[in-house]
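Below is one structure; the comments refer to it alone.
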Amino acid sequence: MSGRMKVDFLSKDELEYELKFRGIEIPDRSLVVDLRKKLRKCINEEVKCEAKNFEGKIVGKNELEILSSKINQCKETVQELGQDSSPVDVLRAETKKEHCKVRLGVLQKFKLLDNENIEYSKLVSELKDVEQ
Numbered sequence: 029m030s031g032r033m034k035v036d037f038l039s040k041d042e043l044e045y046e047l048k049f050r051g052i053e054i055p056d057r058s059l060v061v062d063l064r065k066k067l068r069k070c071i072n073e074e075v076k077c078e079a080k081n082f083e084g085k086i087v088g089k090n091e092l093e094i095l096s097s098k099i100n101q102c103k104e105t106v107q108e109l110g111q112d113s114s115p116v117d118v119l120r121a122e123t124k125k126e127h128c129k130v131r132l133g134v135l136q137k138f139k140l141l142d143n144e145n146i147e148y149s150k151l152v153s154e155l156k157d158v159e160q
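Quick note, in my numbering, the sequence shown goes up one by one and the last residue is 160.
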């Protein structure tokens, strides 16, 4: 996780993803506060992130749909930022963007169908276009 990604700005599904990326099992009905504590602990202990933790768990089409939605949300958030935006708002937007980069990086490690590769490339381009 990049220095720009702040645990407090990740949503529940993003926290779960980041923990699974580190090979951490997540009990059902986990609270966001508990997920944040676990992720902070993993970061402090420098738990290694590995795409192999998602083997058999990621379906290209589903992940691409999730990423499309998250990148669109990221675009909207960045567009709403202005000169009077607080540093917290900027950090939140950077965190969302960094999380999308992580997910795209993981997805790149898996074999995708031709149409999924096209969608993947489109999403990479869209994320690059998101500017602060």
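Glycine residues also receive a C-beta, built at the ideal position from the N, C-alpha and C atoms.
Note that this is a predicted model, so its numbers are computed, not measured.
Check, Outcome
"Using 7 Å as the cut-off, classify the Cβ of SER39 as near or not near the heavy atoms of the ligand COA, replying yes or no.", "This structure lacks the ligand COA; in fact it carries no ligand of any kind."
"Measure the Cβ-Cβ separation of LEU47 and LEU63 and say whether it is below 8 Å.", "yes"
"What residues in its chain sit with their C-beta under 7 Å from that of ASP117, if we drop five residues either side in the sequence?", "LEU109"
"Which class does LYS246 belong to by DSSP, given the choice of helix, strand or coil?", "Any property of residue 246 remains undetermined from this structure, which presents the chain solely from 29 to 160."
"What are the boundary residues of the alpha helix (DSSP H) that includes GLU42?", "40-49"
"Give the straight-line distance between the Cα atoms of ARG120 and ILE99, rounded to the nearest whole angstrom.", "13 Å"
"Indicate whether the contact test is met: 3 or more Cβ pairs, each with one atom in the segment 135-153 and one in the segment 62-77, closer than 8 Å.", "no"
"Relative to the C-alpha of ILE94, which residue among ASP56, LEU151, GLY51, ILE54 is closest?", "LEU151"
"To the nearest angstrom, report how far apart LEU140 and LYS85 are at their CA atoms.", "14 Å"
"On the three-state DSSP scale, how would you describe VAL158?", "coil"
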